[in-house]
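> Heads up: the sequence shown runs through residues 163 to 365, numbered per our numbering. We treat Cβ as the ideally placed atom computed from N, Cα and C, and that holds for glycine. These figures come from a predicted structure and were not determined experimentally.
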Amino acid sequence: MLVREVALKAIILKYLKGRFLPVTVFVVLISIFTKFLNIKEIVYAVVILTSILLFHSFLHELGHAIAAILLNCKIEKFSINRVFLEEDPSSAEEIINSKNRVKYGIIAISGSTMTILFGYILLYFAHNLRHSMKLFDFLCWIFTLIIFLIGDCGYLVTGSISMEGDPIGISAGFNISKWVVFCSGLIIAAVNAFLIWRFFWNI
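Next comes the structure, spelled out in structure tokens:
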């Protein structure tokens, strides 16, 4: 039993390290809106949004996996936190020197692309349903839209500074500066924040 607990703790810590920004946004937003909800609704919100975060992570990795399959790259292992390729470069230098450099760039960008596109689909449905929503449903939709439409943008921004994760593959794969990835993340986040604002104010 102890071995299982240690393994589970390691998985959770690894997940939190890789998805720090969306988890932080989730905790901050829950803390802001808890005064509007009763205890039962808060518990429901935590369960629902934790599930959404896990689904977000799964969808992100699924995007990588689909791109890898379409580009004839063999997948060695698929997990909710990472897709492992048979030939998996571990640094920017390895990607730059690889003959499959552009492939790695496409695979790297496909995770965020998948979740953001799914976020636009959610935004469409949320916008059409907003008038019939109760406060609890409305807040859950807002949190969900932020997770899908801004979470990965933040990942591109922070990852391009620390040069960890997908931004490495995007920068090295397409032979562009990490600051291009940084600015792209900021611009997409600003556009998506505006779209969520439209959802709020019915413009």
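1) For residue 365, which residues from the same chain have a beta carbon less than 7 Å from its beta carbon, with the 5 sequence-adjacent residues on both sides left out?
2) If we count the other Cβ atoms within 10 Å of its Cβ and call it buried at 16 or more, is residue 202 buried or exposed?
3) Cβ-heavy atom distance between residue 258 and the ligand FAD below 7 Å?
4) Is it the case that the Cβ atoms of residue 274 and residue 317 are separated by a distance below 8 Å?
5) Return the chain-ordered list of same chain residues with a C-beta closer than 6 Å to the C-beta of residue 315, the five sequence neighbours on each side being excluded.
6) Any idea what DSSP makes of residue 239, helix, strand or coil?
7) Kindly indicate which residue of 280, 251, 277 has the alpha-carbon position closest to the one of residue 265.
8) Mind checking residue 230: buried by the 16 CB within 10 Å criterion, or exposed?
9) Quick one, which of 358, 261, 343, 242 has its alpha-carbon nearest residue 307's?
10) Return yes when the Cβ of residue 221 is within less than 8 Å of the Cβ of residue 295, no when it is not.
11) With distances taken from CA atoms, which of 234, 343, 310 is nearest residue 143?
12) For the segment 297 to 312 against the segment 207 to 216, do three or more pairs of beta-carbon atoms, one drawn from each stretch, fall closer than 8 Å, so that the two count as touching?
13) Write down the C-beta distance between residue 361 and residue 263 rounded to the nearest angstrom, noting that I regard them as a contact closer than 8 Å.
14) Cα-Cα, which of 260, 211, 311, 356 is closest to residue 283?
15) Using the three-state DSSP reduction, which class does residue 246 fall into: helix, strand or coil?
Looking at the atomic coordinates:
1) Model confidence at residue 365 stands at a pLDDT of 48, short of 50, so the residue's coordinates are unreliable; what they give is reported in the following sentence. Counting only Cβ-Cβ distances below 7 Å, and skipping sequence neighbours, we find nothing.
2) exposed
3) The model on display carries no ligand, and the ligand FAD is accordingly not part of it.
4) yes
5) 347, 350, 351
6) strand
7) 251
8) buried
9) 358
10) no
11) Nothing about residue 143 can be read from this structure; the chain reaches only from 163 to 365.
12) yes
13) Going by Cβ atoms, the distance from residue 361 to residue 263 rounds to 38 Å, so no, they are not a contact pair.
14) 311
15) strand
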